[in-house]
Amino acid sequence: TVSVSDSLSPTIQGELSLCAPDTSILSINGQYSSILWSNGDTTQNISIDTSGTYSVYVVSASGCEGSAEVEAEVFSAPQISLLDSSAICSGDSVLLVPNITSGQSSYTLNWNNGETSVDSLLVIAQEDSIITLSIIDDNGCIDSTLSFIEVNDNPSLLLPEDFAVCFGDSVNIQSSVSSGNEPFNYN
Numbered sequence: 064t065v066s067v068s069d070s071l072s073p074t075i076q077g078e079l080s081l082c083a084p085d086t087s088i089l090s091i092n093g094q095y096s097s098i099l100w101s102n103g104d105t106t107q108n109i110s111i112d113t114s115g116t117y118s119v120y121v122v123s124a125s126g127c128e129g130s131a132e133v134e135a136e137v138f139s140a141p142q143i144s145l146l147d148s149s150a151i152c153s154g155d156s157v158l159l160v161p162n163i164t165s166g167q168s169s170y171t172l173n174w175n176n177g178e179t180s181v182d183s184l185l186v187i188a189q190e191d192s193i194i195t196l197s198i199i200d201d202n203g204c205i206d207s208t209l210s211f212i213e214v215n216d217n218p219s220l221l222l223p224e225d226f227a228v229c230f231g232d233s234v235n236i237q238s239s240v241s242s243g244n245e246p247f248n249y250n
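For the sequence shown, this note's numbering gives the first residue as 64, with consecutive numbering after it.
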């Protein structure tokens, strides 16, 4: 009796679209006596982190041969940064403008206050705050960053009660500051 075996048709499985610096594990189904990937590996699974064509050649225990090929794409992830930190006085504002490098435009920005502004965020803070920002590009790649906003108390100048002064007389006025952070500039 003669038995005829069909050629092998291995299937490569794994994530084929990913964002750097992520990696993906490609694997083949079935058991083979010999496996050779295009990168030289001879194992059931390989780890990939670069775009390209990945192929595998297999041989079964009965000597049948087969191959498979897939195309993988590794996208450059967006990199986003904000001002690391800023000190402002209570009630003052700071404009946070994201610096976006790499990634695939267009982007979706998500600020931790719910804003989805692409350009900037005006922060008017009454107390210390941490502002977080995440970005998702058209490829689904994600990055995030944060900025610490330190809010200093406004200085409070204490002057003496009102008093009368005659023209030509000199007066020495003593004042004190009850809050705020030194040094102070008087104008």
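Backbone N, C-alpha and C fix where the C-beta goes; we use that ideal spot for every residue, glycine too.
Quantities reported herein were computed from a predicted structural model and do not represent experimental measurements.
- Taking a C-beta distance under 8 Å as the contact criterion, Leu185 and Leu145 do not qualify as a contact pair.
- Rounded to whole angstroms, the gap between the alpha carbons of Gln167 and Cys127 is 44 Å.
- By the Cβ test, the segment 156-171 is not in contact with the segment 220-235, since fewer than three Cβ pairs between them sit closer than 8 Å.
- Under the three-state reduction of DSSP output, Val157 falls in the strand class.
- Measuring C-alpha to C-alpha distances from Phe211 to each of Ser114, Cys82, Glu190, Asp225 identifies Glu190 as the nearest.
- With fewer than 16 neighbouring CB atoms inside 10 Å of its own CB, Pro246 falls in the exposed class.
- Counting only the Cα atoms, Thr208 lies some 36 Å from Asn102.
- When the Cα atoms are used, Thr106 and Val137 turn out to be separated by approximately 22 Å.
- If you compare the alpha carbons of Gly115, Ala188, Ser96, Asn108 with that of Ser80, the shortest gap goes to Gly115.
- Note: Ala135 is bridge-paired with Gly115 in the DSSP secondary-structure output.
- For Tyr170, the uninterrupted beta strand (DSSP E) segment begins and ends at 170-174.
- With 16 or more other Cβ atoms from the protein chains shown falling within 10 Å of its own Cβ, Ser149 counts as buried.
- Per the coordinates, the alpha-carbon of Pro161 lies some 12 Å from the alpha-carbon of Pro141.
- Cβ contact annotation for Gly77 (same chain, cutoff 7 Å, sequence separation greater than five): Ser87, Ile88, Leu89, Ser90, in chain order.
- DSSP, read as helix, strand or coil, puts Cys204 in coil.
- Rounded to whole angstroms, the gap between the alpha carbons of Ser183 and Val157 is 10 Å.
- Rounded to the nearest angstrom, the gap between the Cα atoms of Asp201 and Ala83 is 14 Å.
- Shortest Cα-Cα distance from Val122 to any of Ile143, Ala131, Tyr95 involves Tyr95.
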